[in-house]
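These notes concern the structure reproduced below.
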Amino acid sequence: MTLTAPEGSVAPPVAQQPARRPGHGDAFTAHMVATDWTASRGWATPELQPLENLSLHPGTLGLHYAQVVFEGLKAHRRVDGGMSVFRPWDHARRFRRSARRLAMPELPEELFVSSIEQLVSTDEGMLSDDPSHSIYLRPLMFGADANLMLRPSEHYRYLLMAFVAGGFFGQDVETVSVWVSHEHSRAIPGGTGNVKCAGNYAGSFVAQRAAQEAGCQQVVWLDPVERRWVEEMGGMNMFFVRGSGPGAEIVTPQLSGSLLPGVTRDTLLALAERAGYTAREERISLDQWRDECARGVITEVFASGTAAVVTPVGEVRDEGGDWVIGDGRPGPVTLQLRQQLVDLHHGTLADPDGWLHRIS
Ligand SMILES: *Cc1c(COP(=O)(O)O)cnc(C)c1O
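Okay, so the sequence shown: first residue is 1 according to full-length UniProt numbering, each after it adds one.
Structure, rendered in structure tokens:
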């Protein structure tokens, strides 16, 4: 007997034309790339196929024990009309690190990058020429055994899918308000916070919801031990700007083991230095953040990530009192770095490190 899929679980109809209302994570492109791993055979050759529903045994190990890792990276249309993927080799390396942490086989970097080349070259027609749109690529790997023994899977499936993305928080650059979570932790020392595994995000949803109930768009995570040091914002890294003009200093929390080392974070540290600012990794406490804003030392705050690019923070709501950052509007250093990152993506800024991977 064939079971009918319940309402809502069916793949949305595939658009054959450029997506008009992208940015909601559901404007999937028409294809996916899939391959499997077994201990005896290793990785099979990845195959391009139409995006379609999966058929999974209800006892699929990854569904039960969250042996699931993923990545998120983007392809952009350059001003010359060609497509480029941003820093795919760095995402490939992080995907391997995530897999290793969850006792999964590592996907060779060449397979990761070639699957991306295959999907982007096939589906790039679904990206309009609106420069604020991009193709968000989502590599995923999960334990595929139909077996509920509490141990690592012996079969794995790698899937690469994509959707057309607009601006994450809308097209215009607007500040977001943030709420500090004192109750929940995103990650713990020795845990999985420094890799991209699915379970990290399920555990963060209640705090994100609490932030929204407090009238804020995003949650700020503190370190899980002392509950003093600022770590991340939602699924993004954070940056603080001290001072203004050419002498401004750009600070991001140092990698603590429970922070996710963002590719965008790394890119912005380099762009900040190239723009002549001092860029540093340093611990910063919540008290320091509040105090330095009050004294006018911290002038701007923003968050970074592949999805959100650069998102300015305008206001903090906290049980110890609320405060505004600068005048509550996006600051000049934030906007400058954001523009440089966007220009880099579109091939109009020098790329000395070869971060743009051209799709021929
Ligand atoms: C993915 C992610 C980031 C941003 O990483 P990028 O490589 O810049 O996209 C930051 N924090 C968390 C928790 C993440 O999952």
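Where a beta carbon is used, it is the ideal one built from N, C-alpha and C, also for glycine.
Own chain residues within Cβ distance below 6 Å of Leu344, not counting five before or after: Cβ neighbours of Leu344 beyond the five flanking positions: none.
query: Between which two residues does the alpha helix (DSSP H) containing Asp291 stretch?
result: Segment Leu286 to Ala294, the alpha helix (DSSP H) holding Asp291.
- prompt: Are there three or more Cβ pairs, one per stretch, closer than 8 Å when the segment 293-308 is compared with the segment 37-57?
  reply: When Cβ pairs closer than 8 Å are counted between the two stretches, the segment 293-308 is seen not to touch the segment 37-57, the count staying below three.
field: Coil, strand or helix - Arg228 by DSSP
entry: Coil, per DSSP.
field: Own chain, CB closer than 7 Å to Gly347, minus 5 neighbours either side, in chain order
entry: Excluding sequence neighbours, Gly347 sits near Arg78, Val79, Asp80, Ser84 and Leu356.
task: Quick one: residues in its chain with C-beta nearer than 8 Å to the C-beta of Leu255, no 5 flanking neighbours on either side, listed in chain order?
output: Cβ neighbours of Leu255 beyond the five flanking positions: Asn194, Pro261 and Glu281.
message: Can you determine whether any heavy atom of ligand 1 sits closer than 8 Å to the C-beta of Glu232, and answer yes or no?
response: Inclusion of Glu232 in the 8 Å shell around ligand 1 follows from its C-beta lying nearer than that to a non-hydrogen atom of the ligand.
task: Would you list the residues sitting across from Asp36 in a DSSP beta bridge?
output: Its beta-bridge partners are Arg157.
task: Go ahead and label Pro38 buried or exposed: buried means 16 or more other beta carbons lie within 10 angstroms of its beta carbon, across all protein chains shown.
output: What sits at residue 38 in the sequence shown is Thr, not Pro. By the neighbour-count rule (16 or more Cβ atoms within 10 Å), Thr38 is not buried but exposed.
message: If the criterion is Cβ atoms closer than 9 Å, does the pair Leu286 and Val219 meet it?
response: No; because the gap between Cβ atoms is not below 9 Å, this pair is not in contact.
message: I need the boundaries of the beta strand (DSSP E) containing residue 405, first residue and last residue.
response: Only positions 1 to 360 of the chain appear in the structure, and residue 405 is not among them; the question remains open.
task: Return yes when at least one heavy atom of ligand 1 lies under 8 Å from the C-beta of Val263, else no.
output: Answer for Val263: yes, Cβ within range of ligand 1.
task: May I ask you to check if the CB of residue 361 is nearer than 8 Å to at least one heavy atom of ligand 1?
output: No answer is possible for residue 361: it lies beyond the span of the chain, which begins at 1 and ends at 360.
- prompt: Do you know whose CA, among Gln336, Asn53 and Gly328, lies nearest Glu174's CA?
  reply: Relative to Glu174, the option among Gln336, Asn53 and Gly328 whose CA is nearest is Gly328.
message: Can you check which of these residues, Arg274, Pro246, Ser177 and Phe142, is closest to Arg100 by C-alpha distance?
response: Ranking the options by Cα distance to Arg100, first place goes to Phe142.
- prompt: In the DSSP assignment, what are the bridge partners of Trp355?
  reply: Its beta-bridge partners do not exist; DSSP assigns none.
message: Excluding the 5 residues flanking Glu124 on each side, which residues of the same chain have their C-beta closer than 8 Å to its C-beta?
response: Contacts found: Ala75, Arg77, Met83, Ile135 and Ile359.
One or two residues paired with Ala146 in a DSSP bridge: Residue pairing by DSSP places Ala146 opposite Thr60 in a beta bridge.
field: Pairwise C-alpha distance: Ala198 and Leu54
entry: Taking the CA atoms as reference points, Leu54 sits about 18 Å from Ala198.
query: What are the boundary residues of the alpha helix (DSSP H) that includes Pro312?
result: Looking at the DSSP string, Pro312 is not in any alpha helix (DSSP H); the run it does join, the beta strand (DSSP E), is Val309 to Arg317.
- request: Could you work out which residue in Gly166, Thr264, Ala30 and Leu271 is closest to Asp90 when comparing CA atoms only?
  value: The residue with the shortest Cα to Cα distance from Asp90 is Thr264.
task: Would you check whether ligand 1 has a heavy atom nearer than 8 Å to the C-beta of Tyr201?
output: Yes; taking the cut-off as 8 Å, the Cβ of Tyr201 has a heavy atom of ligand 1 nearer than that.
field: Given Met161 as reference, the closest of Thr299, Ser98, Leu111 and Ser115 once Cα atoms are compared
entry: Residue Ser115 is the option with its Cα nearest to Met161.
task: State buried or exposed for Gly170, treating a residue as buried only when at least 16 other CB atoms are found within 10 Å of its CB.
output: Note that Gly170 scores a pLDDT of 46, beneath 50, so its modelled location is shaky; the value from the coordinates is reported in the next line. So Gly170 ends up on the exposed side.
query: Going by C-alpha distance, which of Gln336, Pro332 and His31 is nearest Val164?
result: Taking only the C-alpha atoms, the option nearest Val164 is His31.
field: For Met104, the three-state DSSP class (helix, strand or coil)
entry: Of the three classes helix, strand and coil, the one that applies to Met104 here is coil, per DSSP.
- prompt: Mind checking whether Pro330 and Glu292 have CB atoms under 9 Å apart?
  reply: For Pro330 and Glu292, no; Cβs fall outside 9 Å.
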